[in-house]
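Going by our numbering, the first residue of the sequence shown is number 5, and it counts up by one from there. From the three backbone atoms N, C-alpha and C, an ideal C-beta is built for every residue, glycine too.
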Amino acid sequence: MLLILTSALIVAAGVGTANANDKKTLAIVVKGLDNPFFEQINLGCQKWMSENKDSEYECLYTGPASSADEAGEVQIVDDLLTRGVAAIAISPSNAPAMANRIRQINPDVPVMTIDADFLEKDRDLRATYLGTDNYLMGVKMAEEAMTLKPSGGSVCLQLGNVAADNINARAAGFRDTIAGTKGIERLESTNGWTEIEGCPVFTNDQVDLANQQMADTFTANPDLDAFILIGGWAQFAPQAYAQVTDQVMDRLKSKDMILIAGDTLPPQTQAFRDGRSHAQVGQRPFEMGYRAPDVMIELINGKSVDDPLFTGLDVCNQSDPGFCADN
5 MLLILTSALI
15 VAAGVGTANA
25 NDKKTLAIVV
35 KGLDNPFFEQ
45 INLGCQKWMS
55 ENKDSEYECL
65 YTGPASSADE
75 AGEVQIVDDL
85 LTRGVAAIAI
95 SPSNAPAMAN
105 RIRQINPDVP
115 VMTIDADFLE
125 KDRDLRATYL
135 GTDNYLMGVK
145 MAEEAMTLKP
155 SGGSVCLQLG
165 NVAADNINAR
175 AAGFRDTIAG
185 TKGIERLEST
195 NGWTEIEGCP
205 VFTNDQVDLA
215 NQQMADTFTA
225 NPDLDAFILI
235 GGWAQFAPQA
245 YAQVTDQVMD
255 RLKSKDMILI
265 AGDTLPPQTQ
275 AFRDGRSHAQ
285 VGQRPFEMGY
295 RAPDVMIELI
305 NGKSVDDPLF
315 TGLDVCNQSD
325 PGFCADN
């Protein structure tokens, strides 16, 4: 409760500042301020601000202190809409819970999603989605896995929040691509691939838990063929991630076990260059934060906006490091 109240006070201060400056607020609410991925969205928001100083709008970036605080994120959105914003872009941690609250509030300002979407049944609640084609991201991860392990093998998927639509879409893209058909809930001797007992594991967007899960999985499954970080969580703590991967570095070097991860933030591309992953499939969070204010203004002005608005992917692998070579 203290965390929620603190977050609400931060939001109130931000909106108050906007009103004091006679600026209308374009709010971006992310899952948690503790995740460096979302800080890239903030940097995009700030870049837009620096280039639009004379605009009647300003970009407000906020979210709960912890990515695990689903209720806190809902509370922040509630508070923003109650106090008054010109438009809002939400990355819902718990998609059903956030959609339920939006349906209850029935705001009269534009609502869009960013980075993560509502469930398909709730997408009438938002005007558009700006971010990654998450299903395609999972497809790309599967393609890298199949290239590295043509015969398949045992695999563990590491996911985030159980109710996060974007993460679940990536997992679906991975499984469907491995299987060659859609609607696969679990890989069980599927074209040579089998998800091991105890997997997938769910990090709840907690970096420390992500690394602990990896360490535990490697210890309990010494013959594991593939570990897939559907998101980049563990790699966001470089020292902890290095310690975890140290225990399997021989297997990684020989490709006896492969490791594929989502996102391409600087500590992740460094891990890739250090041989601590075989492929990275990166999103473009800075672009999301930079484009969101313009999209919200278009919605405010009643302009037609495409749905969805995809921001693209960067794929790095050992044969073509690409983006990861010098970033």
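Whole angstroms is fine: what's the gap from PRO86's alpha carbon to GLY202's?
Going by the sequence as given, residue 86 is Thr instead of Pro. Note on geometry: alpha-carbon atoms of THR86 and GLY202 lie some 42 angstroms from one another.
Could you check whether the stretch 46-54 touches the stretch 280-298, counting it as contact only if at least three pairs of C-beta atoms, one from each stretch, sit closer than 8 angstroms?
These segments touch.
Do SER281 and LEU263 have their beta-carbon atoms positioned less than 7 angstroms apart in this structure?
Contact annotation: LEU263 and SER281 have beta-carbon atoms nearer than 7 angstroms.
Do CYS225 and ILE188 have their CB atoms nearer than 7 angstroms?
First, the amino acid is wrong: residue 225 is Asn here, not Cys. No, these two residues do not count as a Cβ contact at 7 angstroms.
Report, in whole angstroms, the separation of the C-beta atoms of ALA31 and VAL89, which I expect to be a contact under 8 angstroms.
The C-beta distance from ALA31 to VAL89 rounds to 5 angstroms, short enough to fall under 8 angstroms.
State yes or no: is the C-beta of THR268 within less than 7 angstroms of the C-beta of ASP318?
A contact, by the Cβ cut-off of 7 angstroms.
Our contact map puts LEU134 next to ALA93 with C-beta atoms below 8 angstroms; I'd like the distance itself, whole angstroms only.
The pair is a contact, with the Cβ atoms about 7 angstroms apart (cut-off 8 angstroms).
Do ALA167 and ALA99 have their CB atoms nearer than 7 angstroms?
Yes, they are a contact pair.
Alpha carbon to alpha carbon, how far is VAL81 from PHE276? Give it in angstroms, no decimals.
For PHE276 and VAL81, the distance between alpha carbons rounds to 36 angstroms.
Could you tell me which of ASP330, VAL159, ASP26 and ALA283 sits nearest to SER323, measuring between CA atoms?
Closest by alpha carbon: ALA283.
Does the beta-carbon of ASN195 have 16 or more other beta-carbons within 10 angstroms, so that it is buried, or is it exposed?
Exposed, because fewer than 16 other Cβ atoms sit within 10 Å of the Cβ of ASN195.
Let me confirm a value: CYS270 is counted as buried when at least 16 other C-beta atoms fall within 10 Å, else exposed. Which label applies?
In the sequence under discussion, the amino acid at residue 270 is Pro, which differs from the Cys named in the question. The residue in question, PRO270, is exposed, as its Cβ has fewer than 16 Cβ neighbours within 10 Å.
Counted within 10 angstroms of its Cβ, other Cβ atoms place ALA12 as buried (16 or more) or exposed
Because the pLDDT at ALA12 is just 45, under 50, the model does not fix this residue reliably, and the value given afterwards should be weighed accordingly. Taking all protein chains shown into account, ALA12 has 16 or more neighbouring C-beta atoms within 10 Å of its C-beta and is therefore buried.
Classification of ASP278 by the beta-carbon crowding that lies within 10 angstroms, buried from 16 upward
Counting of Cβ neighbours within 10 angstroms places ASP278 among the exposed residues, the total staying below 16.
Through-space distance from PRO289 to PRO114, alpha-carbon basis:
Looking at the two C-alpha atoms, the distance is approximately 21 angstroms.
Enclosing alpha helix (DSSP H) for GLN217 [first to last residue]:
Per DSSP, GLN217 belongs to the alpha helix (DSSP H) from 211-224.
Limits of the unbroken beta strand (DSSP E) element including ASP180:
Where ASP180 is concerned, there is no enclosing beta strand (DSSP E), although the alpha helix (DSSP H) it sits in stretches over 169-183.
Classify CYS110: buried if its beta carbon has 16 or more other beta carbons within 10 angstroms, exposed otherwise.
Strictly speaking, residue 110 in this sequence is Asn, with Cys absent from that position. By the neighbour-count rule (16 or more Cβ atoms within 10 Å), ASN110 is not buried but exposed.
Which residues in the same chain as ASP330 place their Cβ atom closer than 8 angstroms to its Cβ, once the five residues preceding and following it in sequence are excluded?
Excluding its 5 nearest sequence neighbours in each direction, ASP330 has no C-beta neighbour in its own chain below 8 angstroms.
In the structure shown, what three-state DSSP assignment does PHE327 receive?
Per DSSP, reduced to three states, the secondary structure at PHE327 is helical.
Here's the rule: buried if 16 or more other CB atoms are within 10 angstroms of the residue's CB, otherwise exposed. What is GLU74?
Buried is the call here.
Is it a yes or a no for the stretch 305-317 touching the stretch 145-154, going by three-plus beta-carbon pairs under 8 angstroms?
Verdict: no, contact absent.
Could you pull the start and end residues of the alpha helix (DSSP H) that ASN104 belongs to?
ASN104 -> alpha helix (DSSP H) spans 99-109.
Would the beta-carbon of VAL34 fall within 7 angstroms of that of GLY67?
The Cβ-Cβ distance between VAL34 and GLY67 falls below 7 angstroms.
When the Cα atoms are used, what is the spatial distance from GLY293 to PRO204?
Put simply, the backbone Cα of GLY293 is about 30 angstroms away from that of PRO204.
Check for me: the beta strand (DSSP E) holding VAL115 runs from which residue to which?
Start and end: 115-118.
Backbone secondary structure at GLY286 - three-state DSSP
Strand at GLY286.
For the beta strand (DSSP E) holding GLY316, just list the boundary residues, first then last.
Counting along the chain, no beta strand (DSSP E) covers GLY316, and no H or E run does either.
Top-ranked residue by Cα proximity to ILE106, from LYS125, ASP227 and VAL78
With respect to the C-alpha of ILE106, the residue from LYS125, ASP227 and VAL78 having the closest C-alpha is VAL78.
So for ALA131, helix, strand or coil by DSSP?
In this structure, ALA131 counts as coil in the three-state DSSP scheme.
Give me the residue from ALA72, GLY36, PHE240 and GLY236 with the minimum Cα distance to TYR65.
The residue with the shortest Cα to Cα distance from TYR65 is GLY36.
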